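K.L.:
Mapped onto this note's numbering, the consecutive letters of the sequence shown carry residue numbers 12 to 316.
Backbone N, C-alpha and C fix where the C-beta goes; we use that ideal spot for every residue, glycine too.
All figures in this text were calculated on a predicted structure; none of them were measured in a lab.
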Amino acid sequence: MLNLALLRSALLGVALALTACGRSTEPGPPPARTAVVATTYPLQQFAKRIVGPEVEVVLPLEPGIDPQHWEPTRADLRLVSNAALVAANGAGVEGWLEGLALRDGQLVRTADVFEDQWLDSPGRTHSHSGGEHSHSGSMGHTWLDPLLAIQQAEALGAALAQAYPQRRPSVQDGLEALIEELRGLDRRWQEVVQRLGGVTLLASGPEYAYLARRYAFIVRDLDFDPTVELTAEARGRLRAVEARPAVLLWPAPPHPACAAELEELGIATVVLPTLGNPSADVLRPGEDYFARLHRALDDFAAALP
């Protein structure tokens, strides 16, 4: 005969077990440390080329967020803490990394190898894309100089070989191929700069300082936001530029009204993105870091007399 007491006890045990499963607060296993976390789009692209498709390389920033002013969430910080390697730029780009406890060898600041060549930022506060921020400290766009980028790639390659010792031969092959791509960018820049002649170069901000130093050209920083209509002050700066031909370099597509005014003034415009973390309108489908920069250099060359 069925023992009802035993049956009730068994059913109660099952119910309690199911309830516990539904509300368990026990932490799951920690994420496997297989991913590389990059703090900028160039470093993500460099790491992918060096380490190959078998290793995931994550850029946790939403598209278009300036890496220098990114504020990571707790989930972002957990991702960083559990990374096999954190590939950072340095040169003042990732202030949020200061004070973050990471394992020995987990972080590589790729621009530290040429710290003596960092440039100081103009040190001003203004609004770009609706958010007020400061450009004080070091200039962070080191990767735009292809020869500095080669040094960053070498530092990154050494760190990846340390993080993935079983992949060292392929890491070395990937690094050599990446360096050749960066040398190709250097050659393209030399070709374009040879055609500058008497062209007046302008820029909406200080982003191109490393490029100007590398290729010995002068670019006048007009300090205005390309994503909004020109202010009266910015319009006055543009009208004060009398020398022609003139070309204005933009880090992002300019506001249509702004582009129209420049055309009236006889100033050619070229979008030369910094690509720290590009928004969706900067890259074409399937376009990567190198393809975008070569397209910008094509546009730059076409804008020159």
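So, using beta-carbon positions, are PRO237 and PRO262 closer together than 8 Å?
P.N.:
Yes, the Cβ-Cβ distance between PRO237 and PRO262 is below 8 Å.
K.L.:
Counting pairs of Cβ atoms below 8 Å between the segment 185-192 and the segment 46-61, do you hit three or more?
P.N.:
Yes, they touch.
K.L.:
Is the Cβ-Cβ distance between LEU96 and VAL47 less than 8 Å?
P.N.:
Yes, these two residues count as a Cβ contact at 8 Å.
K.L.:
Could you check whether ALA98 and VAL119 sit closer than 8 Å to each other, using their CB atoms as the reference points?
P.N.:
Yes, these two residues count as a Cβ contact at 8 Å.
K.L.:
Exposed or buried, what is GLU105 when buried is set at 16 or more other beta-carbons lying within 10 Å of its beta-carbon?
P.N.:
Per the 10 Å Cβ criterion, buried.
K.L.:
By DSSP's criteria, ALA49 is part of a beta bridge. Which residues make up the other side?
P.N.:
According to DSSP, which records beta bridges pairwise, ALA49 is partnered with ALA98.
K.L.:
Rounded to the nearest angstrom, what separates HIS152 and ALA49 at their Cα positions?
P.N.:
Taking the straight line joining both Cα atoms gives about 15 Å.
K.L.:
Is HIS146 helix, strand or coil when you go by DSSP?
P.N.:
A caution first: HIS146 carries a pLDDT of 46, below 50, which makes its placement in the model too unreliable to give a value.
K.L.:
State the beta-bridge partners of ILE278 as determined by DSSP.
P.N.:
Per DSSP, ALA257.
K.L.:
Contact between the segment 197-205 and the segment 177-184: three or more CB pairs below 8 Å?
P.N.:
Short answer: they don't touch.
K.L.:
Distance, Cα to Cα, ALA102 vs PRO217?
P.N.:
Each residue's alpha carbon lies about 15 Å from the other.
K.L.:
How about TYR52 and LEU283: are their beta carbons less than 8 Å apart?
P.N.:
No, the pair does not count as a contact, with Cβ atoms beyond the cut-off.
K.L.:
Is the CB-CB distance between LEU222 and VAL252 below 8 Å?
P.N.:
Not a contact, by the Cβ cut-off of 8 Å.
K.L.:
Nearest-angstrom Cα distance between ALA270 and PRO264?
P.N.:
Cα to Cα, ALA270 sits roughly 9 Å from PRO264.
K.L.:
Buried or exposed: where does GLY142 fall if 16 or more other Cβ atoms within 10 Å of its Cβ makes it buried?
P.N.:
Below a pLDDT of 50, predicted positions are generally treated as unreliable, and GLY142, at 45, falls in that range; the measurement from the model is reported next regardless. GLY142 is exposed by the Cβ-count criterion.
K.L.:
Indicate the three-state DSSP secondary structure (helix, strand or coil) for LEU130 in the structure shown.
P.N.:
The answer is coil: DSSP assigns LEU130 none of H, G, I, E or B.
K.L.:
In terms of alpha-carbon separation, which member of LEU241, ARG248, ARG194, GLU65 lies closest to LEU304?
P.N.:
With distances taken between Cα atoms, LEU304 lies closest to ARG194.
K.L.:
Below 8 Å between beta carbons: does that hold for LEU315 and ARG206?
P.N.:
Taking 8 Å as the Cβ cut-off, LEU315 and ARG206 qualify as a contacting pair.
K.L.:
Have a look at the DSSP bridge pairing and note the partners of LEU118.
P.N.:
Paired residues: VAL97.
K.L.:
Give me whichever residues DSSP pairs with LEU304 in a beta bridge.
P.N.:
BP columns for LEU304 are empty, so no partner.
K.L.:
Alpha carbon to alpha carbon, what distance is there between VAL66 and GLN117?
P.N.:
So the alpha carbons of these two residues sit roughly 16 Å apart.
K.L.:
Taking the C-alpha atoms as reference points, what is the distance between LEU72 and LEU294?
P.N.:
If you take the alpha carbons of LEU72 and LEU294, they lie about 16 Å apart.
K.L.:
In terms of residue numbering, what span does the beta strand (DSSP E) encompassing ALA174 cover?
P.N.:
Premise fails: ALA174 lies in the alpha helix (DSSP H), 157-174, not in any beta strand (DSSP E).
K.L.:
Does DSSP put VAL68 in a helix, a strand or coil?
P.N.:
Strand at VAL68.
K.L.:
Have a look at the DSSP bridge pairing and note the partners of ASP232.
P.N.:
DSSP lists ALA214 as partners of ASP232.
K.L.:
With a CB to CB cut of under 8 Å and the five nearest residues on each side skipped, what residues in its chain are close to ALA312?
P.N.:
The residues are GLU202, VAL203, ARG206.
K.L.:
Could you round the C-beta distance between VAL281 and LEU260 to whole angstroms and report it? I think they count as a contact, below 8 Å.
P.N.:
Correct: roughly 6 Å between the Cβ atoms.
K.L.:
Quick one: measure Cβ to Cβ for ARG248 and LEU233, integer angstroms, because I've assumed they're closer than 8 Å.
P.N.:
Yes, they are in contact, since the Cβ atoms of ARG248 and LEU233 sit about 5 Å apart, within 8 Å.
K.L.:
In chain order, what residues of the same chain have a beta carbon less than 7 Å from the beta carbon of ARG225, not counting five sequence neighbours either side?
P.N.:
So the qualifying residues of the chain are ASP156, LEU158.
K.L.:
Would the beta-carbon of THR121 fall within 8 Å of that of ASN93?
P.N.:
Not in contact: THR121 and ASN93 (Cβ atoms no closer than 8 Å).
K.L.:
On the three-state DSSP scale, how would you describe TRP154?
P.N.:
Correct three-state label for TRP154: helix.
K.L.:
Suppose the cutoff is 6 Å on Cβ atoms and the five residues either side in sequence are ignored; what does the same chain contact list for ALA243 look like?
P.N.:
Cβ within range, chain order: n/a, list empty.
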